């Protein structure tokens with residue numbers, strides 16, 4: 123009996139040593155890949171493809187529908203190509219990826235994970251789901267269209283973990299999940315961030331991942347400036363669902379042209395800039411003109427920021443009879459239905475990491491007025507939406523987390539008002555632009571396109587085997 127106990131301990135030690143050696147070799151290779159990429163992106167480069175793993179500035183326009191095709195979307199830039207012998211340095215786990223995050227959360231990050239699950243399914247990639255902190259199951263009934271809750275697991279079993287958490291969550295996730303979730307697998311952080319500089323306070327998050335996926339060039343640029351690990355631009359899926367309900371469900375008038383604005387209090391009033399959107403509408407269609415145009419403000423998260431919520435509700439801008447509040451928790455399908463029920467979308471944000479609202483509006487064929495700055499420029503340009511002029515300004519203390527030394531856009535409200543009038547008065551131009559907008563969303567952000575891009579990268583990381591390639 124003692125012999126077998128000793129033998130078991132020896133095997134356990136050998137396995138730990140093997141896993142440590144594997145991890146050391148894999149990290150060293152990833153660092154060499156990243157080092158080569160960092161040298162490469164500084165040279166002048168052509169317009170990157172969807173998987174161009176090079177840092178990019180926000181001045182680069184989104185590719186037009188004629189610039190790219192699906193083959194180009196999944197063609198990786200050689201700057202970050204993994205060395206061929208990396209592919210078999212994986213531990214004896216199942217092929218594929220565990221999507222780690224908040225699958226029940228009704229928010230942008232929850233939708234990011236759920237949409238990615240659809241992309242992985244479209245690409246026939248093996249994947250599991252893990253609910254990081256075990257919260258939110260009460261929302262399952264609102265997510266009835268999501269067909270992958272049967273993929274939820276209790277333990278890690280895949281060769282890669284894809285964390286749909288932000289950098290500031292990584293340390294707490296590590297403490298909560300334990301070492302097992304951060305060892306013996308390739309760790310990928312799929313991080314969102316809304317400002318142009320990645321915060322100093324979050325630099326320790328890089329210790330918990332082997333590479334980072336960035337939803338936009340804007341995020342990729344911010345993150346890649348602070349690490350030598352690979353930072354891969356991996357697009358988000360944009361394929362929102364919509365319930366079969368109309369304006370009556372939300373108490374909206376049937377006879378007005380309605381702009382829609384989304385606002386989550388947890389995303390900070392200063393960044394989302396709701397007052398500017400309402401003011402732009404009132405400048406575009408002042409009192410005395412026929413009151414045939416209104417704005418719908420969809421609120422979320424007020425209970426989490428009660429002081430901000432109360433101040434917002436008491437603001438004089440909301441007293442106009444053409445400002446409509448939708449102040450309730452909606453399912454994903456109801457959010458899509460609300461967007462379909464409105465005529466146009468406006469986002470006078472000061473900065474966005476990606477900007478799911480404008481992208482989903484484009485998917486539904488709605489004209490979009492949006493600030494011409496930050497992550498939304500991956501899919502917004504002058505030919506498919508109405509970009510609002512802006513000036514960069516420094517953030518004030520308290521306006522946003524990690525605000526020190528940061529800048530963001532201050533959109534021109536008068537210019538936004540002029541663009542809103544154009545949309546109402548020029549239906550033929552609207553028809554032309556929304557067609558181009560939908561083409562870009564379909565080509566770059568469909569489950570098929572994103573699934574193919576993810577497959578390409580995961581193959582290079584060696585987490586797929588022959589049966590899944």
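Residue numbers (the working numbering): 123 to 591. Where a beta carbon is used, it is the ideal one built from N, C-alpha and C, also for glycine. Remember, it's a predicted structure, so these values are computed and weren't measured experimentally.
Rounded to whole angstroms, the gap between the alpha carbons of residue 415 and residue 379 is 5 Å. Per DSSP, reduced to three states, the secondary structure at residue 512 is strand. The beta-bridge partner set that DSSP reports for residue 443 is empty. When only Cα atoms are considered, residue 455 and residue 228 end up about 11 Å apart. Pairing residue 564 with residue 485, the inter-Cα distance amounts to about 8 Å. In the three-state reduction of the DSSP assignment, residue 269 falls in the coil class. The same chain holds no residue with a CB closer than 8 Å to that of residue 214 once the five nearest residues on each side in sequence are set aside. Ranked by Cα distance from residue 570, the options 288, 394, 245 are led by 245.
In this structure, the straight-line span from the alpha carbon of residue 420 to that of residue 567 is close to 24 Å. In the DSSP assignment, residue 351 falls outside any beta strand (DSSP E), carrying neither H nor E. Take residue 524, set aside five residues on each side of it, and the residues of its chain with a beta-carbon closer than 7 Å to its own are 321, 323, in chain order. Residue ranges of uninterrupted beta strand (DSSP E) with 3 or more members, entirely inside the segment 517-564 and ordered along the chain, are 529-533.
DSSP places residue 363 in no alpha helix (DSSP H); its state is neither H nor E.
In this structure, the beta-carbon distance from residue 254 to residue 301 does not fall below 8 Å. Under the three-state reduction of DSSP output, residue 498 falls in the helix class. When C-beta atoms of the segment 349-359 are compared with those of the segment 426-445, fewer than three pairs fall below 8 Å, so the two segments do not count as touching.
Rounded to the nearest angstrom, the gap between the Cα atoms of residue 507 and residue 491 is 6 Å.
Proximity to residue 482 across 471, 395, 249, 459 peaks at 459, based on C-alpha coordinates. At the C-beta level, residue 446 and residue 418 come within 8 Å of one another. By the C-beta density criterion, residue 534 is buried, having at least 16 other C-beta atoms within 10 angstroms. Cβ-Cβ distances below 7 Å link residue 278 to 220, 302, 303, 307 in the same chain, with the five nearest sequence neighbours on each side left out; the list follows chain order.
Contact annotation, residue 546 with residue 487: C-beta distance approximately 16 Å; criterion of less than 8 Å not satisfied. Note on geometry: alpha-carbon atoms of residue 218 and residue 238 lie some 13 Å from one another. Nearest neighbour of residue 383 by Cα position, chosen from 403, 365, 316, turns out to be 403.
For the pair residue 515 and residue 337, the Cα-to-Cα distance works out to about 24 Å.
When only Cα atoms are considered, residue 275 and residue 574 end up about 24 Å apart. Going by DSSP, residue 284 is part of the beta strand (DSSP E) stretching over 280-285.
Take residue 232, set aside five residues on each side of it, and the residues of its chain with a beta-carbon closer than 6 Å to its own are 224, in chain order. Taking C-beta atoms as the reference points, residue 344 and residue 319 count as a pair closer than 8 Å. In the DSSP annotation of this structure, residue 423 is not part of any alpha helix (DSSP H), being labelled neither H nor E.
By the neighbour-count criterion, in which 16 or more other beta carbons inside 10 Å mark a residue as buried, residue 377 falls on the exposed side. Linking residue 548 to residue 541 through their CA atoms gives a straight-line distance of about 10 Å.
According to DSSP, residue pairing for residue 250 in a beta bridge involves 220. Annotation for residue 317: 473, 528 place their beta carbon closer than 6 Å to its own, counting only its chain and skipping 5 residues before and after.
As DSSP reads the structure, residue 335 sits in a beta bridge with 312, 354.
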